[in-house]
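Trainee: The structure is given below, and queries will be raised subsequently.
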Amino acid sequence: MIVDEPIIRSMLDCDLYKTNMASVVFHDFPNAIVTYKFILRSKVDFPANFAAELEYQIGLLSKLQMTDAEATWFKAKVPYHRPTYIEWFRGYRMDPNEVTVKQTGGKLEIIIKGYWYRVIFWEVKLMAIISELYFRLTGQPANGDWKMRIYEKAKKLSDSGSHWIDFGSRRRHSYEIQDMVVQIMEGFQGFLGTSNPHLAMKYGVSPHGTYAHECIMAMSALYGARIADKMWRKHWSEHFKGNVGVALTDTFTSEVFWRDFDTYDARLFDGCRQDSGDEYEWGNRALAQYKKLGILASNKRMVFSNNLNTDKYISIDRYFRQFAQPCGGIGTHFTNDVNVVPLNMVIKLTTADFGHGPIDVVKLSDDVGKHTGNPEAIAQVKFELKLS
Numbered sequence: 004m005i006v007d008e009p010i011i012r013s014m015l016d017c018d019l020y021k022t023n024m025a026s027v028v029f030h031d032f033p034n035a036i037v038t039y040k041f042i043l044r045s046k047v048d049f050p051a052n053f054a055a056e057l058e059y060q061i062g063l064l065s066k067l068q069m070t071d072a073e074a075t076w077f078k079a080k081v082p083y084h085r086p087t088y089i090e091w092f093r094g095y096r097m098d099p100n101e102v103t104v105k106q107t108g109g110k111l112e113i114i115i116k117g118y119w120y121r122v123i124f125w126e127v128k129l130m131a132i133i134s135e136l137y138f139r140l141t142g143q144p145a146n147g148d149w150k151m152r153i154y155e156k157a158k159k160l161s162d163s164g165s166h167w168i169d170f171g172s173r174r175r176h177s178y179e180i181q182d183m184v185v186q187i188m189e190g191f192q193g194f195l196g197t198s199n200p201h202l203a204m205k206y207g208v209s210p211h212g213t214y215a216h217e218c219i220m221a222m223s224a225l226y227g228a229r230i231a232d233k234m235w236r237k238h239w240s241e242h243f244k245g246n247v248g249v250a251l252t253d254t255f256t257s258e259v260f261w262r263d264f265d266t267y268d269a270r271l272f273d274g275c276r277q278d279s280g281d282e283y284e285w286g287n288r289a290l291a292q293y294k295k296l297g298i299l300a301s302n303k304r305m306v307f308s309n310n311l312n313t314d315k316y317i318s319i320d321r322y323f324r325q326f327a328q329p330c331g332g333i334g335t336h337f338t339n340d341v342n343v344v345p346l347n348m349v350i351k352l353t354t355a356d357f358g359h360g361p362i363d364v365v366k367l368s369d370d371v372g373k374h375t376g377n378p379e380a381i382a383q384v385k386f387e388l389k390l391s
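Numbering-wise, the working numbering puts 199 at position 196 of the sequence shown, and it's gapless, one number per residue.
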C-alpha cells in the first residue's frame, strides 16, 4: 500500500449528526435495511490503484472502537443520548463486508448496504478517506499560505460579529487541515464549535449536529413522501425531548417543507437549516412562516450550510441577525482551501426496506439539477407532492 497508515484514527472522527441520527434509528427502526451509493459530480478520474487503497483503509476502520476516554467525554458532552445507545455505540465495530468497492478505469463505484443503525456511520468516514486518498495519490499536497488563510477567515468572521461552526469533515483535504481549522478557530469569539466530535473533544469546544436528508428520504419508504418529513420530526422530537431541535428543510424542497411546518413544529424546534437554494429567499420565507404562525423569530436559529465562504456568510449574517439568530455551518471553504480543486461528491441513500422489500428513495433539492435518485422515483415523488 502507498498509504499504509490509517487515515481515520478515532471512531469519533465523523460528524455528530451521524451519531444523533443513529440513536433514533437504533431505537425506532432496528430492522430497517438500507442502501447508499457514492455519487461523484467532479469530472475527474481516480488513479488506477485507488480502489485497492480505499479497500485497505476500509479494512483498517474495522479495528476502530470508542475508547474509555471518548465514551466518558461523549456521555458528558452529548448528554441527551440514552444509556442504551451509548452502551451499544461503545462496543460498535464497523464491518467492511457492508461496503462494496469497484473501479473501472478511472470511475469508482461504492455501494453500502446493511442494517441502517449500523451502516449509517460509513458516509462521513468514507468521504473523508476518499478525499484525502485522492489528493495523496494524485500528488496534490496542501500548498501556499493555507494556515494563514484559516486565521484570516476566523478573524474576519469574528470581527464581523458572526457565529459559525466547522462543518468540514466530509470533503477535507486531510485530517491535518481540519485539525488546524479547529485549533486556530477555537481562540476566536463567535466560533461555536465543530460538527466533528473527535476534534471537539481534542480542543475542548462544543460538538454540533442535528439530522440529514437521509432520514426523511427513508421515512418516505415507510410513510410515503407526503408525510415523511412530518413523521421524521415526530420521531426525532419524541426521542430527544426537545434537544438538538433544528429542522432541515430541503429534502423534498423547502416549498413542501413550509406547507407542513405548523405552529406545533415552529414552537417545538429551535430553528431550521438551509442546505440548498438561495439563502435570502429561504430566510425571508422562514421569517414569513414564523410571522404567519404568530411566533417571534428573534429567538429562532437560522443555520445556513450551503457551500458557504467567509464573505458570503458575513453578508447573510449581517442581513438576518436583525430578525433572528443566524449561524453559518462552513465546510470545504475551511478544510480544503489549499490550492487544489476539492472533490464534488456525496453519498446518498438509494433504497430503504422496512420489512416489505426495498423501495427507491429520492432527494429533491432546492438547487436546480441536484435531485438524486431513480428518475422514475423522482417523477413519482414530484407528482405526489404536486411539484412541477
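Ideal placement from N, C-alpha and C gives every residue a C-beta, glycine not left out.
On the three-state DSSP scale, how would you describe Gln-328?
Mentor: As a position in the sequence shown, residue 328 is number 325, starting the count at 1. Correct three-state label for Gln-328: strand.
Trainee: Taking 9 Å as the cut-off, decide whether the C-beta atoms of Ala-25 and Phe-92 are in contact.
Mentor: Within the sequence shown, the letter at position 22 stands for residue 25. Within the sequence shown, the letter at position 89 stands for residue 92. Yes, the pair counts as a contact, with Cβ atoms nearer than the cut-off.
Trainee: According to DSSP, which residues form a beta bridge with Pro-378?
Mentor: Locating residue 378 in the sequence shown gives position 375, where the first residue counts as 1. Bridge partners of Pro-378: none, in fact.
Trainee: Please report how far the alpha carbon of Leu-160 lies from the alpha carbon of Asn-302, in whole angstroms.
Mentor: Position 157 of the sequence shown holds residue 160. Position 299 of the sequence shown holds residue 302. Distance between the alpha carbons of Leu-160 and Asn-302: 21 Å.
Trainee: Using the Cα positions of His-336 and Thr-197, report the straight-line distance between them to the nearest angstrom.
Mentor: Translated into positions along the sequence shown, residue 336 becomes position 333. Translated into positions along the sequence shown, residue 197 becomes position 194. So the two alpha carbons sit approximately 14 Å from each other.
Trainee: Taking just the CA atoms, how far does Val-341 sit from Met-222?
Mentor: If you number the sequence shown from 1, residue 222 lands on position 219. If you number the sequence shown from 1, residue 341 lands on position 338. C-alpha separation (whole angstroms): 38 Å.
Trainee: What does a CB cutoff of less than 6 Å around Leu-63 pick up in its chain, not counting 5 residues either side in sequence?
Mentor: Position 60 of the sequence shown, counting from 1, holds the residue named residue 63. Taken in chain order, the residues that qualify are Pro-9.
Trainee: What does the Cβ neighbour count give for Phe-170, buried or exposed, with the cut at 16 atoms within 10 Å?
Mentor: Reading the sequence shown from its first residue, position 167 is the one you call residue 170. Label assigned to Phe-170: buried.
Trainee: So what does Met-97 bridge to, in DSSP terms?
Mentor: Counted from its first residue, the sequence shown places residue 97 at position 94. DSSP output for Met-97 lists no bridge partner at all.
Trainee: Just the C-alpha distance for Ile-350 and Leu-43, rounded to the nearest angstrom, thanks.
Mentor: By 1-based counting over the sequence shown, the position of residue 350 is 347. By 1-based counting over the sequence shown, the position of residue 43 is 40. Answer to the nearest angstrom: the Cα atoms are 9 Å apart.
Trainee: For the putative contact between Val-365 and Asn-377, defined by C-beta atoms under 8 Å, what is the C-beta separation to the nearest angstrom?
Mentor: The residue you call residue 365 lines up with position 362 of the sequence shown. The residue you call residue 377 lines up with position 374 of the sequence shown. Sure, about 7 Å apart at Cβ, within 8 Å.
Trainee: Relative to the C-alpha of Lys-40, which candidate in Glu-90, Gln-60, Ile-114 has its C-alpha closest?
Mentor: Position 37 of the sequence shown, counted from the first residue, corresponds to residue 40. Nearest option by C-alpha distance: Ile-114.
Trainee: Got a sec? Which residues, its chain only, sit under 7 Å from Ser-165 by beta carbon, not counting five neighbours each side?
Mentor: Position 162 of the sequence shown, counting from 1, holds the residue named residue 165. Contacts found: Gly-193, Tyr-316, Ile-317, Asp-320, Gly-331.
Trainee: Just the Cα atoms here: how many angstroms apart are Tyr-120 and Asp-314?
Mentor: On the sequence shown, residue 120 is found 117 positions in, with the first residue counted as 1. On the sequence shown, residue 314 is found 311 positions in, with the first residue counted as 1. Taking the straight line joining both Cα atoms gives about 38 Å.
Trainee: Within this structure, are the beta carbons of Arg-173 and Asp-16 separated by less than 9 Å?
Mentor: On the sequence shown, residue 173 is found 170 positions in, with the first residue counted as 1. On the sequence shown, residue 16 is found 13 positions in, with the first residue counted as 1. No, the Cβ-Cβ distance between Arg-173 and Asp-16 is not below 9 Å.
Trainee: Look at the alpha carbon of Thr-103 and the alpha carbon of Tyr-267, and state the distance between them as a whole number of angstroms.
Mentor: If you number the sequence shown from 1, residue 103 lands on position 100. If you number the sequence shown from 1, residue 267 lands on position 264. Cα to Cα, the separation comes out at about 42 Å.
Trainee: Which partner residues does Thr-197 have in the DSSP bridge list?
Mentor: Locating residue 197 in the sequence shown gives position 194, counting from the first residue. Partner(s): Asp-169, Pro-210.
Trainee: Could you have a look at Gln-181 and say whether DSSP puts it in helix, strand or coil?
Mentor: Position 178 of the sequence shown, counted from the first residue, corresponds to residue 181. Note: Gln-181 maps to helix in three-state DSSP.
Trainee: Spatial neighbours of Leu-296 within its chain, please: C-beta separation below 6 Å, excluding the five flanking residues on both sides.
Mentor: If you number the sequence shown from 1, residue 296 lands on position 293. Cβ neighbours of Leu-296 beyond the five flanking positions: Thr-266, Ala-269.
Trainee: Taking 9 Å as the cut-off, decide whether the C-beta atoms of Arg-212 and Glu-189 are in contact.
Mentor: For the purposes of this step, residue 212 is taken as the residue at position 209 of the sequence shown. For the purposes of this step, residue 189 is taken as the residue at position 186 of the sequence shown. Checking the sequence shown, residue 212 turns out to be Gly, not Arg. Cβ atoms of Gly-212 and Glu-189: not closer than 9 Å.
Trainee: In chain order, what residues of the same chain have a beta carbon less than 7 Å from the beta carbon of Arg-236, not counting five sequence neighbours either side?
Mentor: Position 233 of the sequence shown, counting from 1, holds the residue named residue 236. Answer for Arg-236: Ala-250, Asp-268, listed in chain order.
Trainee: When DSSP builds the beta bridges, which residues end up paired with Asp-363?
Mentor: Taking the first residue of the sequence shown as position 1, residue 363 is located at position 360. DSSP output for Asp-363 lists Thr-354 as bridge partner(s).
Trainee: Please tell me whether Arg-304 and Asp-281 are closer than 9 Å, where the distance is taken between their beta carbons.
Mentor: Counted from its first residue, the sequence shown places residue 304 at position 301. Counted from its first residue, the sequence shown places residue 281 at position 278. In this structure, Asp-281 does not lie closer than 9 Å to Arg-304 by Cβ.
Trainee: For the beta strand (DSSP E) containing Thr-107, list its first residue and its last residue.
Mentor: Start at 1 with the first residue of the sequence shown, and residue 107 comes out as number 104. From DSSP, the beta strand (DSSP E) with Thr-107 extends over 102-107.
Trainee: Would you list, in sequence order, the uninterrupted beta strand (DSSP E) runs of no fewer than 3 residues that lie entirely inside the stretch 217-287?
Mentor: Correct list: 249-251, 274-277.
Trainee: Go ahead and pull the three-state DSSP assignment for Glu-112.
Mentor: For the purposes of this step, residue 112 is taken as the residue at position 109 of the sequence shown. Strand at Glu-112.
Trainee: Would you report the Cα separation of Ile-230 and Ile-187, rounded to the nearest angstrom?
Mentor: The residue given as residue 230 occupies position 227 in the sequence shown. The residue given as residue 187 occupies position 184 in the sequence shown. For Ile-230 and Ile-187, the distance between alpha carbons rounds to 43 Å.
Trainee: Could you give the first and the last residue of the continuous beta strand (DSSP E) run that contains Tyr-83?
Mentor: By one-based count along the sequence shown, residue 83 stands at place 80. Looking at the DSSP string, Tyr-83 is not in any beta strand (DSSP E), and its letter there is neither H nor E.
Trainee: Alpha carbon to alpha carbon, what distance is there between Val-185 and Tyr-214?
Mentor: Within the sequence shown, numbered from 1, the residue matching residue 214 stands at position 211. Within the sequence shown, numbered from 1, the residue matching residue 185 stands at position 182. Tyr-214 and Val-185: Cα-Cα distance of roughly 22 Å.
Trainee: Anyone know if the C-beta pair for His-176 and Val-343 falls short of 9 Å?
Mentor: As a working mapping, residue 176 is identified with position 173 in the sequence shown. As a working mapping, residue 343 is identified with position 340 in the sequence shown. Their beta carbons are under 9 Å apart, which means His-176 touches Val-343 by this criterion.
Trainee: So for Met-130, helix, strand or coil by DSSP?
Mentor: Taking the first residue of the sequence shown as position 1, residue 130 is located at position 127. DSSP places Met-130 in helix when its eight states are reduced to three.
Trainee: Provide the residue(s) that pair with Thr-338 in DSSP beta bridges, ordered along the chain.
Mentor: Within the sequence shown, numbered from 1, the residue matching residue 338 stands at position 335. Thr-338 pairs with nothing; no bridge assigned.
Trainee: Near Met-97, which residues of its chain fall below 6 Å by C-beta distance, leaving aside the five closest residues on each side in sequence?
Mentor: In the sequence shown, counting from the first residue as 1, residue 97 sits at position 94. Cβ within range, chain order: Leu-64, Ser-65.
Trainee: Given that a residue counts as buried once 16 or more other Cβ atoms are within 10 Å of its Cβ, and exposed if not, what is Val-371?
Mentor: Counting from 1 along the sequence shown, the entry for residue 371 is found at position 368. With fewer than 16 other Cβ atoms within 10 Å, it is exposed.
Trainee: On the DSSP bridge assignment, give the partners of Thr-38 in chain order.
Mentor: As a first step, residue 38 must be located in the sequence shown, where it is residue number 35. Note: Thr-38 sits in a beta bridge opposite Lys-116, Thr-354.
Trainee: Let me know the secondary structure DSSP gives Val-384 once reduced to three states.
Mentor: One-based indexing of the sequence shown puts residue 384 at position 381. The answer is helix: DSSP assigns Val-384 an H, G or I state.
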